[in-house]
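Worksheet: the structure to be examined is printed underneath.
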Amino acid sequence: MPQVTLTVNGKQHTVEVEGRTLLVEVLREKLGLTGTHIGCDTSQCGACVVHVGGEAVKSCTMLALQANGSAVTTIEGLAAADGTLHPMQEMFREHHALQCGFCTPGMVMSAIDLVNAHPAGITEKEIREGLEGNLCRCTGYHNIVKAIAAAHPLMHAKAAE
Amino acid sequence: MAFEGIGASVRRKEDVRFLSGHGNYTDDINRPGQLHAFIKRSDRPHAAINSLGTAAAKAAPGVVAVFVGADLAADGVGGLPCGWQIHNKDGSPMAEPPHPVLAIGKVRHVGDPVAVVIAETRQQAKDASELLEIDYTDLPSAATMPQALAAGAPAVHDDVASNLCYDWHIGDKAIVDGIFAGAAKVVKLDLTNNRLVPNAMEPRAALGDFDTSSGDFTLYTTSQNPHVIRLLMGAFVLHIPENKLRVFAPDVGGGFGSKIYHYAEEAIVTWASGKVRRPVKWTAERNESFMSDAHGRDHISTAEMALDAQGHFLGLRISTLANMGAYLSTFAPCIPTYLYATLLAGVYKTPAIYCEVKAVFTNTVPVDAYRGAGRPEATYLLERLVDVIAHDTGIDKVELRRRNFIPADAFPYQTPVALAYDSGNYQVTLDACLKGSDWAGFEARRAAAKAQGKLRGIGISTYIEACGIAPSAVVGSLGARAGLYEVANIRVHPTGSVTVFTGTHSHGQGHETTLAQLVCDQLGVPMSQVEVVHGDTAKIPFGMGTYGSRSLAVGGAAMVKAMDKIIAKGKKIAAHLMEAAVEDIEFADNTFKVAGTDKTKSLTEISLAAYVPHNYPIEELEPGLDETAFYDPKNFTFPAGCHIAEVEIDPETGTVEVVRFTAVDDVGRVINPMIVEGQVQGGVAQGIGQALLESAIYDAQGQLLSGSFMDYTMPRADNLPNISVATEVTMCTHNPLGVKGCGEVGAIGSPPAVMNAVVDALKDYGVRHLEMPATAPKLWSIIQAGQAKLAAD
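Just so you know, the sequences run in chain order A and B. One point on numbering: in this note's numbering, the residue at position 152 of the first sequence is 152, and numbering is uninterrupted. Quick note: to get this note's numbering, add 161 to the position in the second sequence (first position is 1).
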């Protein structure tokens, strides 16, 4: 079987995969990183979003072999070593932007990429349109939008430090 | 310490694990030696199975076993039971055809499970399922209720005449017919309530784990009510006694009703695990969710209101067809009867109501409760009908509602359809919502939109629902085959921290926080020292689970009762330690005090004495501080309120945008305002989804056309507005917390508010009624035809 080497949350792994194995399957089944979820089979829901090379990717839509040699960040890799949450995680908690928690990891990873892509500021419309690829069934998105807007200045202030 | 008790928007205890990827959902759990199951499902709506060849699949790489319906039947596995029996008008019981775990002889809907392949990996199981040799003969199918009820229709079940599950009614038809005969005016409306797919974001999963040492079975499952699953599966399907069967529903990623029911896959993996003597896991792909999770709604109704000359409601007459799908899901029969027809009084003093309901088998996925369950169907019917009455009579739609409201001083109020409302104030929620939505300023906004070429409309819904399900004796007399009380065990540990074991289940509602707040409030223990445990039959004495907005009204009440027992026992211990009479001991703020003195003992001192009973009234009192209570509610609870939607339609495309949504709800006492607001917003989003976007579509043969997120429109962030939520409070009078429940109000109140707004926006085109969902193509066609007609006139 072919091998794939990935640096996931700063740690390098080499695992055997089938040609058809998806990145999300490697993360969940081979590396035990079950924070990344599978919510659909048509690349619609975004529960599986991770960062590959710093950009949001639906890990159900990428073959593990395509990610060979990449740096991958999953939801487990966001908080600091001492447990301090990433500003986006913290704002999701502060603004009650999650209920069942199932879409949350993908939602947070997409939201970080979205905020990174709008350094100068982000409007509510841009947030709502930017979340097109992530489904949430619990919150009605209202508090997710609020959380992302609140995280924007915190993330960019941090980046400016 | 910040205030953490009742009324505080405490941030959720469960969030850190969810936000950091450390949730523990069923599919995250893996057991040593675990195998994977793939369920082969029918790809056709109705067919006879002539033969089912498994040899090639069994020989495929990695395959450990293949089982079909006959294997389960030979082992004595029973069919899936139904938890509610409805009786026909003539008193005879409903038709209750068998519901095999794996199909036997026939398949009856797309998605009906036919065989299970168990292999070392999920891919091997799935690959091998392609090698199953199933020879079908297609049979004519009954895809819709009108098809199923037509003369000579194909029979979904051979022994169910006319595909009729039951023909039920409530109310006195002769009295209501008499009222109609003498009424000044009758307004009639035909309407459908569109079929929905619940689509919790976590697909269902089940992991069966047979312990070869003890002979015990453990089922890990995505359930809202693990004790109910243990009861149904253990007693009726697999015949495993409770002491040998543990059901654990860990973190569950949304339910909305769809994870109440006992599903075939739970029985399959549990049974198969015993056969292959290894753990067996199954996780649904989303396409399986679409064709095997119970669907919701799907009613066709005719509603008529008899009115006097002033627009007072005199009598309501309803006839409804309710789709059951191909088999009876666990609670399906009660949804279009006791959770629907009993709500038809709404917030109005309509003195006489008659409703008849025919429940129909079709070759479709079973239909059961989905957020609101019966009450959204009743509310949609009633609130659309009220708007149509306003349209037909010319009476202002707000004034018409006010004129017919049950007055605030009329509680308790007995409706003509069995329910007795304990409290409410519909005028107050209406007034607050009119103000919050700036109803008075709407015509100016309509004119401004018109100047921009947009069609703007406003819609209102004044709803009520019944939840806090439910008084056991009442539901028992109506056909429920279970009690609907709730259970709480409160364990005060030796050093004063507390674990709550609740029979309710949290799958997004935030019980680990809200229920802990009750402990903060009553025992004065800080949140950081309270743990809420739910979902595990091995830990929790018993429980009926979470649905019908019952967790606080019933489960919270059980906690209060158990904590009362803790305090009562603590007082006896405190009296002993402080050498006072028990009657003189007071408890407040975590402290027992001798009244009128400065002598006190903290709860921690008392709990330590209870577990280290060196100086203790051991002759009269057992050691320990651990109490259990079962609470059976005295009545349903009746949240009510007002929702107002404002929409703008682009006539060029037919696209509807909800530009403003205002909800003012009375959910009784509010424990955590932040969580209540989130629950209402989520429910409203699902209601807007039903009104504008969502619909489960079958073709004429019964093939499911909307079988994925590619073709079933889930609401996305850019389909929804900000949702303004406020509360007004009248206390529930019959539970100790005064709570009513907030989980379903959003999905109940909002669909008619949105549809009333859409119809209002189209009023210049002569639109009186429009079926959900109000999709862009539908509206574009109406606008095109309307514009042509206006031009011709």
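For each residue, glycine too, the CB sits at the ideal point set by N, CA and C. In this text the structure is predicted, and so the values were computed from the model without any measurement.
Does the beta carbon of residue i come closer than 8 Å to any beta carbon on chain B?
{"i": "residue 75 of chain A", "result": "yes"}
{"i": "residue 96 of chain A", "result": "yes"}
{"i": "residue 42 of chain A", "result": "yes"}
{"i": "residue 126 of chain A", "result": "no"}
{"i": "residue 89 of chain A", "result": "yes"}
{"i": "residue 16 of chain A", "result": "no"}
{"i": "residue 104 of chain A", "result": "yes"}
{"i": "residue 99 of chain A", "result": "yes"}
{"i": "residue 5 of chain A", "result": "no"}
{"i": "residue 39 of chain A", "result": "yes"}
Does chain A have any CB closer than 8 Å to the CB of residue i?
{"i": "residue 878 of chain B", "result": "yes"}
{"i": "residue 713 of chain B", "result": "no"}
{"i": "residue 883 of chain B", "result": "yes"}
{"i": "residue 875 of chain B", "result": "yes"}
{"i": "residue 836 of chain B", "result": "yes"}
{"i": "residue 575 of chain B", "result": "no"}
{"i": "residue 945 of chain B", "result": "no"}
If you draw a straight line from the C-alpha of residue i to the C-alpha of residue j, how long is it?
{"i": "residue 893 of chain B", "j": "residue 507 of chain B", "result": "17 Å"}
{"i": "residue 93 of chain A", "j": "residue 671 of chain B", "result": "12 Å"}
{"i": "residue 344 of chain B", "j": "residue 451 of chain B", "result": "46 Å"}
{"i": "residue 937 of chain B", "j": "residue 853 of chain B", "result": "9 Å"}
{"i": "residue 89 of chain A", "j": "residue 183 of chain B", "result": "13 Å"}
{"i": "residue 33 of chain A", "j": "residue 74 of chain A", "result": "8 Å"}
{"i": "residue 807 of chain B", "j": "residue 188 of chain B", "result": "41 Å"}
{"i": "residue 879 of chain B", "j": "residue 895 of chain B", "result": "42 Å"}
{"i": "residue 217 of chain B", "j": "residue 295 of chain B", "result": "12 Å"}
{"i": "residue 610 of chain B", "j": "residue 820 of chain B", "result": "11 Å"}
{"i": "residue 263 of chain B", "j": "residue 233 of chain B", "result": "8 Å"}
{"i": "residue 186 of chain B", "j": "residue 153 of chain A", "result": "33 Å"}
{"i": "residue 667 of chain B", "j": "residue 653 of chain B", "result": "22 Å"}
{"i": "residue 809 of chain B", "j": "residue 923 of chain B", "result": "10 Å"}
{"i": "residue 102 of chain A", "j": "residue 530 of chain B", "result": "21 Å"}
{"i": "residue 517 of chain B", "j": "residue 467 of chain B", "result": "17 Å"}
By a C-beta neighbour count over all protein chains shown, 10 Å radius and 16 as the cutoff for buried, is residue i buried or exposed?
{"i": "residue 627 of chain B", "result": "buried"}
{"i": "residue 754 of chain B", "result": "buried"}
{"i": "residue 212 of chain B", "result": "exposed"}
{"i": "residue 743 of chain B", "result": "exposed"}
{"i": "residue 833 of chain B", "result": "buried"}
{"i": "residue 253 of chain B", "result": "exposed"}
{"i": "residue 757 of chain B", "result": "exposed"}
{"i": "residue 258 of chain B", "result": "buried"}
{"i": "residue 740 of chain B", "result": "exposed"}
{"i": "residue 851 of chain B", "result": "buried"}
{"i": "residue 951 of chain B", "result": "exposed"}
{"i": "residue 255 of chain B", "result": "buried"}
{"i": "residue 124 of chain A", "result": "exposed"}
{"i": "residue 775 of chain B", "result": "exposed"}
{"i": "residue 575 of chain B", "result": "exposed"}
{"i": "residue 1 of chain A", "result": "exposed"}
{"i": "residue 596 of chain B", "result": "exposed"}
{"i": "residue 551 of chain B", "result": "buried"}
Next on the checklist: Taking beta-carbon pairs under 9 Å, can you tell me which members of the stretch 387-421 of chain B lie near chain A?
Outcome noted: 412, 413, 414, 415, 416 and 417
Checklist entry - What residue ranges within the stretch 606-638 of chain B form continuous beta strand (DSSP E) runs of no fewer than 3 residues, ordered along the chain? => result 616-625
Next on the checklist: At a CB distance below 9 Å, what residues from the stretch 59-84 of chain A approach chain B? Give them in sequence order.
Outcome noted: 74, 75, 76, 77, 78, 79 and 83
Item to check | Segments of 3+ residues assigned as beta strand (DSSP E) that fall wholly inside the stretch 284-357 of chain B | outcome: 294-299, 325-331 and 346-354
Checklist entry - In chain order, what residues of the stretch 120-154 of chain A put their CB closer than 9 Å to some CB of chain B? => result 124, 125, 127, 128, 129, 130, 131, 132, 133, 134, 135, 136, 137, 138, 139, 140, 141, 142, 143, 144, 145 and 146
Item to check | the stretch 651-683 of chain B: positions lying closer than 8 Å to chain A by Cβ | outcome: 668, 669, 670 and 671
Item to check | Selection of the stretch 358-380 of chain B by Cβ proximity to chain A, strictly under 9 Å | outcome: 359, 360, 361, 362, 363 and 364
Item to check | Those runs of the beta strand (DSSP E) which lie wholly inside the stretch 770-832 of chain B and span at least 3 residues | outcome: 787-792, 801-810 and 817-827
Item to check | Complete alpha helix (DSSP H) runs within the stretch 696-764 of chain B (minimum length 4 residues, chain order) | outcome: 718-738
Checklist entry - Relative to chain E, which residues along the stretch 426-452 of chain B have a C-beta separation below 7 Å, given in chain order? => result Given the protein chain composition of this structure (A and B), no chain E is represented.
Item to check | Members of the stretch 171-197 of chain B that neighbour chain A once the beta carbon cut-off is set at 9 Å | outcome: 172, 173, 175, 176, 177, 178, 179, 180, 181, 182, 183, 184, 185, 186, 188, 189, 190 and 191
Item to check | Residues of the stretch 844-872 of chain B with Cβ closer than 7 Å to any Cβ of chain A, in chain order | outcome: 845, 846, 869, 870 and 871
Checklist entry - Mind listing which residues of the stretch 302-317 of chain B have their C-beta closer than 8 Å to chain A's C-betas, in chain order? => result none
Checklist entry - Residues in the stretch 480-512 of chain B with C-beta within 7 Å of chain A's C-beta atoms, listed in sequence order? => result none
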